[in-house]
Amino acid sequence: MTAPSSSDLPGGRPVAAPAIRIERLAVIGLGLIGGSFALALRRAGAVGRIIGAGRSAKSAAEALEHGLVDEIAAGPGEAVEGADFVLVATPVGQMEAVFAAIAPRLSPQAVVTDGGSTKRDVVAAARRALGPALARFVPGHPVAGAERSGPSAAQAGLYEGRRVVLTPLPENRAESVERVAAAWRACGARVHSMDTAEHDRVLAAVSHLPHVLAYALVETVISDPRAELLWEHAAGGFRDFTRIASSHPEMWRDICLANRDLLVEEIDRYREQLERLRGMIDRGEAAALEDLFRRSASARNAWLERFNARARNSA
Numbered sequence: 004m005t006a007p008s009s010s011d012l013p014g015g016r017p018v019a020a021p022a023i024r025i026e027r028l029a030v031i032g033l034g035l036i037g038g039s040f041a042l043a044l045r046r047a048g049a050v051g052r053i054i055g056a057g058r059s060a061k062s063a064a065e066a067l068e069h070g071l072v073d074e075i076a077a078g079p080g081e082a083v084e085g086a087d088f089v090l091v092a093t094p095v096g097q098m099e100a101v102f103a104a105i106a107p108r109l110s111p112q113a114v115v116t117d118g119g120s121t122k123r124d125v126v127a128a129a130r131r132a133l134g135p136a137l138a139r140f141v142p143g144h145p146v147a148g149a150e151r152s153g154p155s156a157a158q159a160g161l162y163e164g165r166r167v168v169l170t171p172l173p174e175n176r177a178e179s180v181e182r183v184a185a186a187w188r189a190c191g192a193r194v195h196s197m198d199t200a201e202h203d204r205v206l207a208a209v210s211h212l213p214h215v216l217a218y219a220l221v222e223t224v225i226s227d228p229r230a231e232l233l234w235e236h237a238a239g240g241f242r243d244f245t246r247i248a249s250s251h252p253e254m255w256r257d258i259c260l261a262n263r264d265l266l267v268e269e270i271d272r273y274r275e276q277l278e279r280l281r282g283m284i285d286r287g288e289a290a291a292l293e294d295l296f297r298r299s300a301s302a303r304n305a306w307l308e309r310f311n312a313r314a315r316n317s318a
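In this note's numbering, the protein residues as written are 4 to 318.
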C-alpha cells in the first residue's frame, strides 16, 4: 500500500523541514501512541518507510487502511530488521517480551525508544532483555493521549505542543538521546528530561490517579441498585469527570500494577482529602467549603491558562 501524502493525513498541515531523517521506522504497537507517532513523522517528512507490528490481523489491517504504516511484519523481530529507529508502543506489561524479541535482530545503527507511561519497570525490563543494545535504548513517555484506542484513533497532531519526557540511561550516548528528542520534536512535541523515579512519582499524581478515580466513579454507579436511574440523569459533569474511564483497560491495568507503590501513596493522599471534605460537609462548614472550592478553582484556572497558552504557541 502506498502511504498517503501529508495533506491526506488527519490534522495534516505543512511543517518546517525536520531536523531528523529516519529511513526505516519500526513501530511495535499500532494504537493511539504508536500510530500517531508514525503519522506525525510522515506529515513532517521525517521518515521514509514505516514497518509495523501488532497483535492481531484486525489492527494490522486498520493500520494499513489509515496509512499508519507501509507494511506489516510478522512480529516485532521481523519489524526491526534494517530499521534505524524503533518505537515500542505496547502496554508496559508487554515490553519485556518485545525487547527480548527485537534484541538479536536490531541493526547496529538502530536507536530504540518507548512510549510507556511508567519508566522504572520499563527500564528494568530493558536491562534484562536488551543486552548490548541497552545503550541505544532511550526511555520516553509522550504525556498525551485520548480515551479512544486502536489504529483508527491515531492522529498526526496528537503531540503538537505536548510534553514528551525522556529518562535517559547512564549508558546512553548523547547522539542517541538527541536522535530520540529530535524525532519527538519533529512530531511537534516539547521534550524534557527527568529521572525515572521522579517521572513515576509525578505521573502517579497527575495521570495515573485521575484514571483510577474515573474508573472508580463509574464502578460506583454500575454497582448501585439504582444504576439505570443514575445513568439517565448523568450529564456533562459526569461525562467530563469520567471521560478517561473509556481508556484502554489493558494499558491501565499494566500502568497501575507497574507503578503500584507510588500510586497507592497517591490514593491514600486523595483519601485524606476526601475525608477532610467529608468532615466539612458533615459539619455544615459552609465557609471552609467555599474557601477550598475557590482555592481549587483558582489553581485549576491558572493551570488551564498556561496549558492553553502552550497549545496556542505550538499551533
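Every residue gets a Cβ at the ideal spot worked out from N, C-alpha and C, and that includes glycine.
- Residue 38 holds the alpha-carbon nearest to the alpha-carbon of residue 92 among 234, 200 and 38.
- The beta carbons of residue 266 and residue 212 sit closer together than 8 angstroms.
- For residue 69, no pairing in a beta bridge is given by DSSP.
- Per DSSP, reduced to three states, the secondary structure at residue 117 is strand.
- By the Cβ neighbour-count rule, residue 180 is buried, with 16 or more other Cβ atoms within 10 Å of its own.
- Taken in chain order, the complete beta strand (DSSP E) segments of 3 or more residues contained in the region 175 to 207 are 193 to 196.
- A buried status is given to residue 175, since no fewer than 16 other beta-carbon atoms sit within 10 Å of its beta-carbon.
- Scanning 237, 43, 204 and 52 for the CA closest to the CA of residue 84 turns up 52.
- Contact annotation: the region 60 to 71 touches the region 25 to 44, with at least three C-beta pairs closer than 8 angstroms.
- Selection 259, 230, 47 and 299 evaluated against residue 160 yields 47 as nearest (Cα-Cα).
- Residue state for residue 28 is assigned as strand, using DSSP reduced to three classes.
- Around the CB of residue 209, fewer than 16 other CB atoms lie within 10 Å, so the residue is classed as exposed.
- If you check the CB distance, residue 190 and residue 33 do not come in under 8 angstroms.
- When C-alpha distances from residue 124 are compared across 153, 224, 80 and 260, the shortest belongs to 260.
- C-alpha of residue 139 to C-alpha of residue 57: approximately 23 angstroms in a straight line.
- Taken through DSSP and simplified to helix, strand or coil, residue 172 comes out as coil.
- Burial state of residue 163 is buried, judged by a 10 Å Cβ sphere holding 16 or more other Cβ atoms.
- When C-alpha distances from residue 249 are compared across 136, 273, 82 and 153, the shortest belongs to 153.
- A straight line joining the alpha-carbon of residue 188 with that of residue 105 spans about 25 angstroms.
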